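Read in order, the letters of the sequence shown are residues 101 to 862 in our numbering.
Single-structure report; data block below.
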Amino acid sequence: MFMKNILTITKKELRFYLNNPTAYIVVLAFLLLWEFLFFRSVFLIGEVSLDGLFEYLPWLFMIIIPALTMGALAEEKSEGTLEFLLTHPLRQIELIVGKFLGITVFIVMTLLFIFPLAWSFNRFGDLDWGKVLGQYFSSVFLATLLISLGIFVSSLFSSQISSFLVSAIAGFFLVIAGTEFFSSHFPLAISFFLEQLSVSNHFNSVARGVIDFRDVWYFVSLTAVFLSFSYLVLIKNKYGNKKTAYRNYQIGSVIMLGIFVLSNIVGTKIPGRIDLTEDKIYTLSPVTKDIISHLPDLVNISFYASDKLPAPMQPILRETKDILEDYRKFSQNKIKVTYKNPSIDEEAAKEAVSQGIQPMRFNVVSQEEFQVKEGYLGIAISYGGNSEVIPFVENISDLEYQLSSLIRKLTVDNKPKIGFISGHGEKSLYENYQIINNELKKQFEIVDISAKTEETKDDDKKALEKGNGSSNSLPKKIIIPEEVKTLIVSNPTENYSDEEKKILSQFIDKGGNILFLLDGVFVSPQMLSASASQSNLIEYLRDQTGVEVEKNLVYDLRSNESVGFNSGQMRYILPYPFWVRVLKASDHLPIVSKIDSITLPWASSLKIDDNLLGKKAFEKVELLSTTDYAGTQTSNFNISPDQKFSSQNLGKKLMAVALSSKQNNGRMVIIGDADFLDDENVKNNPSNFGFGLEVISWLSQESTLSQIKVKNLSERKFVFKNQAEPLFLKFGNMAFALITVSSYGFWRLLRRKKMKDKFYQY
Numbered sequence: 101m102f103m104k105n106i107l108t109i110t111k112k113e114l115r116f117y118l119n120n121p122t123a124y125i126v127v128l129a130f131l132l133l134w135e136f137l138f139f140r141s142v143f144l145i146g147e148v149s150l151d152g153l154f155e156y157l158p159w160l161f162m163i164i165i166p167a168l169t170m171g172a173l174a175e176e177k178s179e180g181t182l183e184f185l186l187t188h189p190l191r192q193i194e195l196i197v198g199k200f201l202g203i204t205v206f207i208v209m210t211l212l213f214i215f216p217l218a219w220s221f222n223r224f225g226d227l228d229w230g231k232v233l234g235q236y237f238s239s240v241f242l243a244t245l246l247i248s249l250g251i252f253v254s255s256l257f258s259s260q261i262s263s264f265l266v267s268a269i270a271g272f273f274l275v276i277a278g279t280e281f282f283s284s285h286f287p288l289a290i291s292f293f294l295e296q297l298s299v300s301n302h303f304n305s306v307a308r309g310v311i312d313f314r315d316v317w318y319f320v321s322l323t324a325v326f327l328s329f330s331y332l333v334l335i336k337n338k339y340g341n342k343k344t345a346y347r348n349y350q351i352g353s354v355i356m357l358g359i360f361v362l363s364n365i366v367g368t369k370i371p372g373r374i375d376l377t378e379d380k381i382y383t384l385s386p387v388t389k390d391i392i393s394h395l396p397d398l399v400n401i402s403f404y405a406s407d408k409l410p411a412p413m414q415p416i417l418r419e420t421k422d423i424l425e426d427y428r429k430f431s432q433n434k435i436k437v438t439y440k441n442p443s444i445d446e447e448a449a450k451e452a453v454s455q456g457i458q459p460m461r462f463n464v465v466s467q468e469e470f471q472v473k474e475g476y477l478g479i480a481i482s483y484g485g486n487s488e489v490i491p492f493v494e495n496i497s498d499l500e501y502q503l504s505s506l507i508r509k510l511t512v513d514n515k516p517k518i519g520f521i522s523g524h525g526e527k528s529l530y531e532n533y534q535i536i537n538n539e540l541k542k543q544f545e546i547v548d549i550s551a552k553t554e555e556t557k558d559d560d561k562k563a564l565e566k567g568n569g570s571s572n573s574l575p576k577k578i579i580i581p582e583e584v585k586t587l588i589v590s591n592p593t594e595n596y597s598d599e600e601k602k603i604l605s606q607f608i609d610k611g612g613n614i615l616f617l618l619d620g621v622f623v624s625p626q627m628l629s630a631s632a633s634q635s636n637l638i639e640y641l642r643d644q645t646g647v648e649v650e651k652n653l654v655y656d657l658r659s660n661e662s663v664g665f666n667s668g669q670m671r672y673i674l675p676y677p678f679w680v681r682v683l684k685a686s687d688h689l690p691i692v693s694k695i696d697s698i699t700l701p702w703a704s705s706l707k708i709d710d711n712l713l714g715k716k717a718f719e720k721v722e723l724l725s726t727t728d729y730a731g732t733q734t735s736n737f738n739i740s741p742d743q744k745f746s747s748q749n750l751g752k753k754l755m756a757v758a759l760s761s762k763q764n765n766g767r768m769v770i771i772g773d774a775d776f777l778d779d780e781n782v783k784n785n786p787s788n789f790g791f792g793l794e795v796i797s798w799l800s801q802e803s804t805l806s807q808i809k810v811k812n813l814s815e816r817k818f819v820f821k822n823q824a825e826p827l828f829l830k831f832g833n834m835a836f837a838l839i840t841v842s843s844y845g846f847w848r849l850l851r852r853k854k855m856k857d858k859f860y861q862y
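In structure tokens form, the structure reads like this:
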């Protein structure tokens, strides 16, 4: 095989498309339709991501690539030029590879429009460029496979229409083969084979931003199979069925097909991948590596997984095995991973159920009817006679955090203690903060510090009761255990006694750490009413630190969350400026380094007296702030979603600040909202959860698992300054594609026409 001949054919093929007006029409139709479908929903989701763009790509490729490849060999056959080409010193394989490379280069050039689109998105948010690169590679891999398929089909026909239809149908089968919609109609054994054959799972795997060697081998090997089949067809035309040379090539092609099938089944066990994502989402975090490399003794992990799971579960099964293998590898032989199949091992099934791992149910086809089957996909971790389980691995995005937190929970005896103050109407760990409480207990020991009414003399008690009408106004007192170094104070509705404020001051002076979650305004969503906070803790905090939680409600006209509201029988989803999507104000602390934005519902702004802050020997770092389009309500509070928000006196508002004492190692974080860590808000806004864990970890001065949680939960949201910017982003990108392609095509065709009309003198 001579590279010179291949390059000649490649250039010829590429010139054919670049000099063909029809090719530009096809490319324009593809790009405009692709971007139109993408922009229908991208702003509703609000994520600075191109994920939606690549959901449509396989389906669009099923049209554009057959359109480009249908004449690759079929046209040569119909016009009788194939035999003419092969009479030249040109081998069949050189012709096929040259045409393949020519079409591939043309598609790769078309896909470059991904990067201007990504650049424009990055102007209005923080795009993960590593993931974009993975998505581009996945698109190129998919294109090369479908191009090789199209060339093979084109070699079978002399009619371009027939070639187009068969290529489109074959590509459609490759795409849907691994989907649940298709594979659920087949027995599990066939379903597993279809999942391995399907292009969808491999395409989606690389599009995550992970170059997995198994996925690369799938694309390379299947592309080679289709090209070898194309070569076999041309050899058949040359030698005929009875020639020994053709039979040898036929046997070789069958062997190559067998190698492809076996290698892609056995190859699922071959490790090796490159994580391109910015936060290394699919790579074990340094915190995890530190935990598992310093285990005091052997940790046993049992993975209970059925071998015949539905096709949609196969990627999860594969990724789970990869992660467990990483844990074993980095643990320095302190983690033993055992794989058990309860579906064929009765003892393993009993063992799994006894540990709380129940089988999942799913539908399969057997003897022309649906049947309910059971399968397992759970993990048990045991250490020192104790065990923890993950009953069912639903997805792998949170698996590292679950594994590391459970291992830490089992292996760490002396956990740092965190005190949660109650008794003044604060939010409850067990009613409001149940989710965050459950996660904190894996890393810390949570101590409930409840305020108790002080014992008073009978005469004093009678005097208090006489003056106030009740003994409820008797002063309270909190006792902070010596081993507690971090406190959480969440939105008290009652006043703190002078004694309690004194105890808090002493705690701060000794280098204690406190998280203050304080609302300047109390809101009743049911009554759509609000009133200023009467807690004296706001004034105490101002006098103690110079930081005041203002008694206002902040709204942001540009960066806010959409919230569902009921009106009669209808439910509406509307932008709600009082649910502010605040942005990180700096990158100076790890608390916000991986956070782009979080949602603060009905929050209050902070005001800082820098002079008093300096006198109290505190250094500040601003953590969270609004955009420049934020305003406040300071009286006559109205939280109705359909009101007209004032656009006067808008500006950036500070919403969270971190303080560090110059006199000791004490730390404080003050946030003008306590609702953002409520269970409902944590479920709907994962970044809130990650930020809460990061804050508590920083205050406790502990290397905890919050870094793992944050890298998987960080959300990248659009931030627009006005309503025209989304329209500019949408139509600007579509116009760029239209103008660029049409201008280049017009210039090239005009240049070709001038060259054609030019007279040459000899």
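Using N, Cα and C, we set each Cβ at its ideal position, and we do this for glycine too.
Computed from a predicted model, the values in this text were never measured in an experiment.
{"Asked": "Leaving out the 5 sequence neighbours to the left and right, which residues in its chain are closer than 8 Å to ILE276 when beta-carbon positions are compared?", "Found": "PHE282, SER298, SER300"}
{"Asked": "Does ASN666 come out as helix, strand or coil in the three-state DSSP assignment?", "Found": "strand"}
{"Asked": "So, is MET755 buried or exposed, given that buried needs 16 or more other C-beta atoms within 10 angstroms?", "Found": "buried"}
{"Asked": "From what residue to what residue does the beta strand (DSSP E) around GLU794 run?", "Found": "Taken as a continuous stretch (DSSP letters only), GLU794 belongs to no beta strand (DSSP E), being part of the alpha helix (DSSP H) at 786–800."}
{"Asked": "Could you check which residue in LEU395, ALA449, GLY146 has the C-alpha nearest to that of ASN441?", "Found": "ALA449"}
{"Asked": "What is the residue span of the alpha helix (DSSP H) that THR865 lies within?", "Found": "Any question about residue 865 goes unanswered here, given that the chain covers just 101 to 862."}
{"Asked": "Leaving out five residues before and five after PHE846 in sequence, what residues of the same chain have Cβ atoms less than 8 Å from its Cβ?", "Found": "none"}
{"Asked": "Between the beta-carbon of LYS720 and the beta-carbon of LEU759, is there less than 8 Å?", "Found": "yes"}
{"Asked": "Which of helix, strand or coil does DSSP assign to TYR404?", "Found": "strand"}
{"Asked": "Please list, in chain order, all residues of the same chain as SER705 whose beta carbon is under 7 Å from its beta carbon, the five residues on each side excluded.", "Found": "GLU650, ASN652, VAL654, THR732, LYS753, LEU754, MET755, GLY772"}
{"Asked": "Going by C-alpha to C-alpha distance, which of PHE272, GLU648, LEU334, ASN833 sits closest to ILE196?", "Found": "LEU334"}
{"Asked": "Looking only at its chain, what residues have a beta carbon closer than 6 Å to the beta carbon of TYR236, apart from the 5 residues adjacent to it on each side?", "Found": "ILE214"}
{"Asked": "Say whether the stretch 641–648 touches the stretch 669–676, bearing in mind that this needs 3 or more beta-carbon pairs closer than 8 Å, one atom from each stretch.", "Found": "no"}
{"Asked": "Where does the unbroken alpha helix (DSSP H) through ILE381 begin, and where does it stop?", "Found": "Per DSSP, ILE381 belongs to no alpha helix (DSSP H) and is neither H nor E."}
{"Asked": "Per the DSSP calculation, TYR439 is bridged to which residue(s)?", "Found": "PHE403"}
{"Asked": "Any contact between the stretch 206–223 and the stretch 830–841? By contact I mean 3 or more CB pairs, one from each, below 8 Å.", "Found": "yes"}
{"Asked": "Can you grab the Cα-Cα spacing for the pair ARG852 / GLN807, in whole Å?", "Found": "58 Å"}
{"Asked": "So, with DSSP's three-state summary, where would you put THR279?", "Found": "coil"}
{"Asked": "Starting from GLY519, follow the beta strand (DSSP E) in both directions and report where the run begins and ends.", "Found": "517–522"}
{"Asked": "So, do the stretch 246–262 and the stretch 317–331 have three or more beta carbon pairs nearer to each other than 8 Å?", "Found": "yes"}
{"Asked": "Spell out a yes or no on whether the stretch 304–315 and the stretch 224–232 are touching, meaning 3 or more CB-CB pairs, one atom from each, closer than 8 Å.", "Found": "yes"}
{"Asked": "Give the straight-line distance between the Cα atoms of GLU488 and LEU499, rounded to the nearest whole angstrom.", "Found": "14 Å"}
{"Asked": "Between the alpha carbons of TYR318 and GLU176, how many angstroms are there, rounded?", "Found": "30 Å"}
{"Asked": "Give a single yes or no on whether ALA174 has its beta carbon closer than 7 Å to a heavy atom of the ligand NAP.", "Found": "No copy of the ligand NAP occurs in the structure displayed, which carries no ligand at all."}
{"Asked": "Would you call the stretch 503–520 in contact with the stretch 584–592, where contact means no fewer than 3 C-beta pairs closer than 8 Å?", "Found": "yes"}
{"Asked": "What does the Cβ neighbour count give for ASN738, buried or exposed, with the cut at 16 atoms within 10 Å?", "Found": "exposed"}
{"Asked": "Please give me, in chain order, every unbroken run of the beta strand (DSSP E) with length at least 3 that falls completely inside the stretch 166–215.", "Found": "none"}
{"Asked": "Ignore the nearest five residues each way along the sequence and tell me which others in ASN867's own chain have a CB closer than 6 Å to its CB.", "Found": "This structure cannot settle anything about residue 867, because the visible part of the chain is limited to 101 through 862."}
{"Asked": "Could you tell me how far apart the beta carbons of ASN480 and SER406 are, in whole angstroms, since I believe they sit closer than 8 Å?", "Found": "Contrary to the premise, residue 480 reads as Ala rather than Asn in this sequence. Contact doesn't hold; Cβ gap of about 15 Å is too wide."}
{"Asked": "Determine the DSSP secondary structure at ASP548, reduced to helix, strand or coil.", "Found": "strand"}
{"Asked": "Which same chain residues end up closer than 8 Å to TYR530 when comparing Cβ atoms and leaving out the 5 residues on each side of it in sequence?", "Found": "ASN537"}
{"Asked": "Between the alpha carbons of ILE578 and GLY612, how many angstroms are there, rounded?", "Found": "15 Å"}
{"Asked": "Within 10 angstroms of the Cβ of LEU417, are there 16 or more other Cβ atoms? Answer buried if so, exposed if not.", "Found": "buried"}
{"Asked": "Determine whether the beta carbon atoms of ASN532 and ASP151 lie at a separation below 8 Å.", "Found": "no"}
{"Asked": "At which residues does the beta strand (DSSP E) containing VAL819 begin and terminate?", "Found": "Careful: VAL819 lies outside any beta strand (DSSP E) and carries neither H nor E."}
{"Asked": "Look at the alpha carbon of ILE580 and the alpha carbon of ILE549, and state the distance between them as a whole number of angstroms.", "Found": "7 Å"}
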